[in-house]
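Chemist: Once you've had a glance at the structure underneath, I'll fire off some questions.
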Amino acid sequence: MRALTDGRGLLFGGDYNPEQWPEHVWAEDVELMRAAGVNLVTVGVFSWARIEPEPGVRDFAWLDRVLDLMHGAGIAVDLATPTASPPPWLGHRWPSTLPVDERGHRLWYGSRNQFCPNSPIYRKRALSIVTDLAERYAAHPALALWHVGNEYGQVCHCDDSADAFRTWLRGRYGDLDTLNEAWGTTFWSQRYSDWAEIIPPRHAPYLINPSQRLDWRRFCSDALLAHFRAERDILREHTPDHPVTTNFMGFFKPVDYARWAGEQDLVSNDCYPDPGDPLSPARTALTHDLMRGLGQGRPWLLMEQTTSAVNWRPHNLPKPPGQFRLESLQALARGADGLCYFQWRASAFGAERFHAAMLPHAGPDTRLHAAVRAHGRELRRLACVAGEPVPARVAMVFDWESWWALEEPGRPSDRLNADEQLLRYYLPLWERGVSVDVVPPSAELGAYALVVAPNLFLISDEDAAAVTAYARAGGVLVVGPFSGVVDPRAHVRTGRFPAPLREVLGASGEEWLPAQDGPVRCRWAGGGAFEAHTWTESLAAEGAEPVAEFAEGDLAGRPAVLRHRFGNGVAWYVATLPEPEALGELTERVLRDAGIAGALPMSVLPPGLEAVRRGEVLFLLNHGDGTATVPVPHPAEDLLTGTSVTDHVTLAPREVAALRENRPHEPA
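Just so we're on the same page, this note's numbering is the position in the sequence shown counted from 1, plus 40.
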């Protein structure tokens, strides 16, 4: 990112699809881009059919003119490999390149993403066009960044995929005896005697082996990663000094982004908050913290967002005035050095003709485009933020494999979901202005004062040992319910749960007990009551202190929340789903254990207010419906307005302050 922002400042722009427009429109686009402060455009994402109109034929002349035009205007190009959507001729001539669903139905062309990532023919054709693209534009002065494919997530159950799955399994297990043991195939007479018998988890009469499905999810993510690597390696061979990325999609279940992130030169993401969801501000902040965590704290690129309504929800609410700016600055505050949109000019035809853009159908003389231009100008005043870190003393642990394993059918309750559990624990931290990194369990945890694991249903022995060592060395650890249940094969760890975390938590259980509808009544050990819901566990303290207990039913008097002094640290275990107010109280106690304060000198921020520090700048963002008056700890300059702030700032709804504080130097 530093190479991209040096000399340009914060990146601002979006997807540009000039192939949808006659060339006389291109010149108008460039002039409007320059007026808006656009300095980066993504080109070519869905241009395979234009570049290769029939097999083996190449038409780069139009793309030459586009890149020359961008360079002449001083606009850098994020050049995409067009392999996310093959031309109709590929599926027509070679139907085996088209994906097959779990019922055996082939999915046809006429949309996008119509490829099987395990098809040798698709792979050959895709790498051929990527090679030609790299050779042609390696030295072009407009090229700044490579964008591989688009929003990877394709899954295919065809015979080519079955062959590739078997190869992947051979690499993982070596022989059938080991595979049969790992999959527990003595259950339901599923033992395999020949590799050829193994197929993808296609549609079946009843529940499918969860260990097989877990490996299938691993394989599908790895198969897509292998294709990304193949394209990336071609680009690196021709342009070793140009960064390579692909766009993530937040908490997207099919692809393990923790495995992908290290394969890219920078992390980028597409983010489309729902204007109708009151939790969108916190959900979005959590997603941004995930991107920063995947990049190990480095700045990242918001590749796609929207200025107003999308087209793909059943009812597409527009964003009110000021909303897209608020969301864009939220990403900047949480570590993004680039703020881009889908797309520059709204499409007049095709499936996304009603998706908002930086330049709407009504043209440049519109409220929305005026706001785009104003936002581009103000980003220049925030250039000092580029490259700055977002310091966080809290880590939230999230693991894709555990997510996959937890949400298989046949579990005690389908109401306990990994991503919603993560948000549940994130909200009280967000409401207190406490910055968080979202990291995998294998991350180095020693730099954090507090580690929160809302759910680790699946955990390896190595990761269990690491979080145990973290607490023993002085960290504060919080573990949510139904954790430590299965090993990486998805086999239940027998004995009292959570077996691999029993020592650090100082407690163990004998039964998971999903609750009936309605509240679960609990009481704090020091007095006061609260309600929980959905989930309970039958626990016994083994050195831990019960902080709260169940107050009724068969579990009356049994621990609901425990705190364990362990080594030089503290470990907490929460065996239910406390109501938000109670989880806020628990968060206060945990933060005191860890010695952590929020970004502002107040325990809970006004409703809807977000506070986050990036470098020397304190960002205050008002997502609420009312005006918020906020005390500030130090005199500061608001970089967005140029005004001085001494003791407080007042923000109307959807307003933002970016305060560069005049803080006294503290001794090291």
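Even for Gly, the Cβ is constructed at its ideal location relative to N, Cα and C.
(1) Buried or exposed: where does L319 fall if 16 or more other Cβ atoms within 10 Å of its Cβ makes it buried?
(2) Sort out for me which residues DSSP pairs S548 with in a bridge.
(3) For A435, which beta-bridge partners are listed by DSSP?
(4) Return the first residue and the last residue of the beta strand (DSSP E) that C380 is part of.
(5) Can at least three beta-carbon pairs, one atom from the stretch 645-661 and one from the stretch 481-490, be found at a separation below 8 Å?
(6) M642 by DSSP, collapsed to three states: which one?
(7) In the DSSP output, which residue or residues are listed as bridge partners for F288?
(8) Can you check which of these residues, G302, L247, A236, N249, is closest to F268 by C-alpha distance?
(9) Following a CB-centred definition, is P449 positioned closer than 6 Å to any heavy atom of the ligand NAD?
(10) Would you give the residue range spanned by the alpha helix (DSSP H) that W709 belongs to?
(11) Confirm, please, whether the CB-CB distance from V476 to D305 is below 7 Å.
(12) DSSP three-state label for M343, please.
(13) Tell me whether Y613 sits in a helix, a strand or coil according to DSSP, three-state version.
(14) Could you check how far apart the C-beta atoms of D519 and L496 are, in whole angstroms? I think they sit under 8 Å.
(15) Across which residues does DSSP place R654 in a beta bridge pair?
(16) How would you label A596, buried or exposed, when you count the other beta carbons within 10 angstroms and need 16 or more for buried?
(17) If we ignore side chains and look at the alpha-carbon of each, how far apart do E392 and D255 end up?
(18) Taking just the CA atoms, how far does V652 sit from T690?
(19) Does the beta-carbon of A352 have 16 or more other beta-carbons within 10 angstroms, so that it is buried, or is it exposed?
(20) Straight-line CA distance for H705 to H674?
(21) Alpha carbon to alpha carbon, how far is G535 from R420?
(22) Would R365 pass as a contact of V430 if the rule is Cβ separation under 7 Å?
(23) Quick one: any contact between the stretch 246-266 and the stretch 203-218, if contact means 3 or more CB pairs under 8 Å?
(24) In angstroms with no decimal places, state the Cα-to-Cα distance between E191 and S233.
(25) Comparing C-alpha positions only, which one of L147, V81, A600 sits nearest to H197?
(26) From V97 to E175, what does the alpha carbon distance come to, in whole angstroms?
(27) Specify, as a first and last residue, the run of the beta strand (DSSP E) that G54 falls within.
(28) Mind listing, in chain order, the continuous beta strand (DSSP E) runs of no fewer than 3 residues lying wholly within the stretch 378-456?
(29) Following the continuous beta strand (DSSP E) through F570, name the residue where it begins and the one where it ends.
(30) Assuming the contact rule is C-beta atoms closer than 8 Å, E621 and F570 should be a hit. Round their C-beta distance to whole Å, please.
(31) Please state whether DSSP places V672 in a helix, a strand or coil.
(32) May I ask which residues mark the beginning and end of the beta strand (DSSP E) holding L183?
(33) Is the separation between the beta-carbon of T82 and that of H243 shorter than 7 Å?
(34) Can you grab the Cα-Cα spacing for the pair P618 / A572, in whole Å?
(35) Keeping to the same chain, check which residues put their C-beta closer than 6 Å to that of Y149; ignore five residues upstream and five downstream.
(36) Taking the alpha carbon of C380 as the reference point, which residue from R42, A76, R231 has its own alpha carbon closest?
Modeler: So, from the data block:
(1) With fewer than 16 other Cβ atoms within 10 Å, it is exposed.
(2) DSSP, once it has assigned bridges, lists A580 as partnering S548.
(3) According to DSSP, A435 bridges with D477, V491.
(4) Following the DSSP letters along the chain, one finds C380 inside the beta strand (DSSP E) bounded by residues 376-381.
(5) Pairwise C-beta distances place the stretch 645-661 out of contact with the stretch 481-490, as fewer than three of them are shorter than 8 Å.
(6) In this structure, M642 counts as coil in the three-state DSSP scheme.
(7) Under DSSP, F288 forms a beta bridge with N309.
(8) The residue from G302, L247, A236, N249 with its alpha-carbon nearest to that of F268 is G302.
(9) This structure lacks the ligand NAD; in fact it carries no ligand of any kind.
(10) Missing from the structure shown is residue 709; the chain here goes from 41 to 708 and no further.
(11) The answer is no: Cβ separation not under 7 Å.
(12) Three-state DSSP puts M343 in a strand.
(13) In the displayed model, Y613 falls within a strand according to three-state DSSP.
(14) According to the sequence shown, residue 519 is Val rather than Asp. Sure, about 7 Å apart at Cβ, within 8 Å.
(15) Its beta-bridge partners are V657.
(16) A596 sits exposed, since fewer than 16 C-beta atoms from the chains shown fall within 10 Å of its C-beta.
(17) Rounded to the nearest whole angstrom, the CA to CA distance from E392 to D255 is 35 Å.
(18) Here the alpha carbons of V652 and T690 stand approximately 16 Å from one another.
(19) According to the sequence shown, residue 352 is Trp rather than Ala. Residue burial is scored here from C-beta neighbours: W352 has fewer than 16 other C-beta atoms within 10 angstroms and is therefore classed as exposed.
(20) In this prediction, H705 has a pLDDT of 49, which is less than 50 and means its spatial position is unreliable; what the coordinates show is noted afterwards. CA-to-CA, the gap between H705 and H674 works out to about 12 Å.
(21) Going by the C-alpha atoms only, they are around 59 Å apart.
(22) In this structure, R365 sits away from V430, with a CB-CB distance that is not shorter than 7 Å.
(23) At 8 Å Cβ cutoff, the stretches touch.
(24) Answer to the nearest angstrom: the Cα atoms are 38 Å apart.
(25) When each option's Cα is compared against that of H197, the closest is L147.
(26) Each residue's alpha carbon lies about 16 Å from the other.
(27) Run containing G54: 51-56, per the beta strand (DSSP E) assignment.
(28) Runs of the beta strand (DSSP E) inside the stretch 378-456: 434-437.
(29) In the DSSP annotation of this structure, the continuous segment of the beta strand (DSSP E) that includes F570 starts and ends at 569-573.
(30) Between the beta-carbon of E621 and that of F570 there is about 7 Å, and that keeps the pair under the 8 Å contact cut.
(31) The three-state secondary structure of V672, taken from DSSP, is coil.
(32) From DSSP, the beta strand (DSSP E) with L183 extends over 183-187.
(33) Not closer than 7 Å, so no.
(34) For P618 and A572, the distance between alpha carbons rounds to 4 Å.
(35) The answer, listed in chain order, is P128, G131.
(36) Out of R42, A76, R231, A76 has the C-alpha closest to the C-alpha of C380.
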